[in-house]
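Enquirer:
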Amino acid sequence: MSTLFGGLSRQQFLQQYWQKKPLLVRGAFADFNNPITAEELAGLACADQTECRLVLEKGGSGPWEVRYGPFAEAEFSRLPESHWTLLVQEVDKHVPALAALLAQFSFVPNWRLDDIMVSYAADQGSVGPHVDEYDVFLIQGWGRRRWQISQQQVAAGDLLPDLDLRIMRQFNAESTWLLEPGDMLYLPPGVPHYGVAQGPCMTYSVGFRAPDQMNLWDSLLAYRQERDLTPLRYADPDLALQDNPGLISAQALAGIEQLLRSAPLPAPLLADWFGRYITESRSGMQAQPLDNPFGEDAVRQLLRTDTVYRCEASRFAYTEQAGQTVLYVDGEAHSLAPAAAALAPLLAGERSYEPRQLAPLLQSSDAVTLLTELINAGCLYCLDE
Numbered sequence: 397m398s399t400l401f402g403g404l405s406r407q408q409f410l411q412q413y414w415q416k417k418p419l420l421v422r423g424a425f426a427d428f429n430n431p432i433t434a435e436e437l438a439g440l441a442c443a444d445q446t447e448c449r450l451v452l453e454k455g456g457s458g459p460w461e462v463r464y465g466p467f468a469e470a471e472f473s474r475l476p477e478s479h480w481t482l483l484v485q486e487v488d489k490h491v492p493a494l495a496a497l498l499a500q501f502s503f504v505p506n507w508r509l510d511d512i513m514v515s516y517a518a519d520q521g522s523v524g525p526h527v528d529e530y531d532v533f534l535i536q537g538w539g540r541r542r543w544q545i546s547q548q549q550v551a552a553g554d555l556l557p558d559l560d561l562r563i564m565r566q567f568n569a570e571s572t573w574l575l576e577p578g579d580m581l582y583l584p585p586g587v588p589h590y591g592v593a594q595g596p597c598m599t600y601s602v603g604f605r606a607p608d609q610m611n612l613w614d615s616l617l618a619y620r621q622e623r624d625l626t627p628l629r630y631a632d633p634d635l636a637l638q639d640n641p642g643l644i645s646a647q648a649l650a651g652i653e654q655l656l657r658s659a660p661l662p663a664p665l666l667a668d669w670f671g672r673y674i675t676e677s678r679s680g681m682q683a684q685p686l687d688n689p690f691g692e693d694a695v696r697q698l699l700r701t702d703t704v705y706r707c708e709a710s711r712f713a714y715t716e717q718a719g720q721t722v723l724y725v726d727g728e729a730h731s732l733a734p735a736a737a738a739l740a741p742l743l744a745g746e747r748s749y750e751p752r753q754l755a756p757l758l759q760s761s762d763a764v765t766l767l768t769e770l771i772n773a774g775c776l777y778c779l780d781e
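Our numbering puts the sequence shown at residues 397 to 781.
1. Short check: CB of residue 579 to CB of residue 565, under 8 Å?
2. Give the straight-line distance between the Cα atoms of residue 510 and residue 603, rounded to the nearest whole angstrom.
3. Mark residue 626 as exposed unless 16 or more other C-beta atoms lie within 10 angstroms of its C-beta, in which case mark it buried.
4. Note down, in chain order, each residue of its chain lying with its Cβ closer than 7 Å to the Cβ of residue 577, except the 5 sequence neighbours on either side.
5. Should residue 613 go down as buried or exposed, given a rule of 16 or more other Cβ atoms within 10 Å for buried?
6. State the beta-bridge partners of residue 715 as determined by DSSP.
7. So what's residue 748 in DSSP terms, helix, strand or just coil?
8. Compare the beta carbon distance of residue 415 and residue 607 with 8 Å and say whether it is the shorter of the two.
9. Apart from the five residues on each side of it in sequence, which residues of its chain come closer than 8 Å, Cβ to Cβ, to residue 762?
10. Is the beta carbon of residue 543 closer than 8 Å to that of residue 497?
11. Could you check the C-alpha separation between residue 487 and residue 586 for me, to the nearest Å?
12. Under DSSP, the beta strand (DSSP E) around residue 484 begins and ends at which residues?
13. Entirely within the segment 441-511 and at least 3 residues each: give me those beta strand (DSSP E) ranges in chain order.
14. Going by DSSP, what residue range makes up the alpha helix (DSSP H) through residue 409?
15. Just verifying my parser: in three-state terms, what is the DSSP assignment at residue 665?
16. By a C-beta neighbour count over all protein chains shown, 10 Å radius and 16 as the cutoff for buried, is residue 433 buried or exposed?
17. Please work out which residues of its chain come closer than 8 Å, Cβ to Cβ, to residue 513, disregarding the five sequence neighbours upstream and downstream, and give them in chain order.
18. Tell me whether residue 595 is buried or exposed, calling it buried when 16 or more other Cβ atoms sit within 10 Å of its Cβ.
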């Protein structure tokens, strides 16, 4: 049995803990092998297009100062000996070796995955007691970190003002654990937590996105406008005579609520919008097209012998609606002919593809055309390209 959740199966974890309550697993990753060193993480924080932050609880211009990267190398030599943390987002898009870590969480739909953030903390380094609005698995890479959690409810007024961080004014710890290398703590959304490094340490945070209403509505309205779709409109065929025309009646409010709750798109268009939305890059990192694109014959030959990998910056998902399979890649839709339909679950469900997996699909010209397009766009690649 996998040690990921101790004695629990993945199904049991989903039923008992996912989005419900925290879970600490000792030795979830036995003999955890760090795919990136502290020095490499610092180097990544100096690179362009890297989203990263330095959080200084002490030693900065004020308590809990946040500095945004990318950073100059000299900045690290000027940091104090303790009470600071470096956080680098989307490390999985820069370090292909982290794909093996992501594979451990494939029991959650891929579209829910956000990224792997890696933090390096000096002794006593922390980002303060805070609350996140997403699911996260906190994996201790090396060193030790003390985690405290609480079940208290947090309102906007409970946060310290004038900070770039959402740090709680008062934190009442109810459970405390010291995590060693390979230990893992799962936290559902809304659980206050506070992690403090006990000596220098590195932590891997596997986060899962949860789209909020405002972002969904903004994207959906833009999708409708781009396609000149007729908006739904309020209607009141059962209008009742009321005593005062100035009253906004309960019946009217119920109609407005129903209008806002109604699906503004038929199912195929709703699937198309969400497939595009959820595979778009949130950070601006994108696959890079090849300077010398392949022809389809060259791709056929390549796929017979070489393993293909998904670009770490690309997002794949697919839908099946009324017999039509659509593959979504980085916000673009690809409708697949029946002979190529098996390509969608393969590409969206895995992160690497061996010749034996792709061989049956090479008989379909539509599949080869799509694979050629994705390789030339940089969404798929071979190590020998």
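The beta-carbon is built from N, C-alpha and C at its ideal position, and this holds for glycine as well. Being a predicted model, the structure only gives us computed values, none of them experimental.
Expert: In brief:
1. Counted from its first residue, the sequence shown places residue 579 at position 183. Counted from its first residue, the sequence shown places residue 565 at position 169. No, the pair does not count as a contact, with Cβ atoms beyond the cut-off.
2. One-based indexing of the sequence shown puts residue 510 at position 114. One-based indexing of the sequence shown puts residue 603 at position 207. Those two C-alpha atoms are separated by around 5 Å.
3. As a position in the sequence shown, residue 626 is number 230, starting the count at 1. With fewer than 16 Cβ atoms within 10 Å of its Cβ, residue 626 is classed as exposed.
4. For the purposes of this step, residue 577 is identified with residue 181 of the sequence shown, where counting begins at 1. Here the set comprises 428, 536, 537, 538.
5. Start at 1 with the first residue of the sequence shown, and residue 613 comes out as number 217. Per the 10 Å Cβ criterion, exposed.
6. Counted from its first residue, the sequence shown places residue 715 at position 319. Residue pairing by DSSP places residue 715 opposite 722 in a beta bridge.
7. Mapped onto the sequence shown, residue 748 falls at position 352. Note: residue 748 maps to strand in three-state DSSP.
8. Mapped onto the sequence shown, residue 415 falls at position 19. Mapped onto the sequence shown, residue 607 falls at position 211. No; because the gap between Cβ atoms is not below 8 Å, this pair is not in contact.
9. Residue mapping note: residue 762 aligns to position 366 of the sequence shown, counting from 1. Contacts found: 732, 733, 735, 736.
10. Locating residue 497 in the sequence shown gives position 101, counting from the first residue. Locating residue 543 in the sequence shown gives position 147, counting from the first residue. Contact flag unset, no.
11. Here residue 487 refers to the residue found at position 91 of the sequence shown. Here residue 586 refers to the residue found at position 190 of the sequence shown. One C-alpha to the other measures close to 24 Å.
12. The residue labelled residue 484 in the question sits at position 88 within the sequence shown. Looking at the DSSP string, the run of the beta strand (DSSP E) that includes residue 484 is 480-484.
13. With a minimum length of 3 residues, the continuous beta strand (DSSP E) runs that stay inside the segment 441-511 are 448-452, 461-464, 480-484.
14. Walking along the sequence shown from the start, residue 409 turns up at place 13. Where residue 409 is concerned, the enclosing alpha helix (DSSP H) stretches over 406-412.
15. Here residue 665 corresponds to residue number 269 of the sequence shown, with the count starting at 1. In the structure shown, residue 665 sits in a helix (DSSP, three-state: H, G or I).
16. Start at 1 with the first residue of the sequence shown, and residue 433 comes out as number 37. Exposed: under 16 other Cβ atoms inside 10 Å.
17. By one-based count along the sequence shown, residue 513 stands at place 117. The residues are 483, 484, 485, 486, 487, 600, 601, 603.
18. Sequence index remark: in the sequence shown, residue 595 carries index 199 (1-based). Exposed, by the Cβ-count rule.
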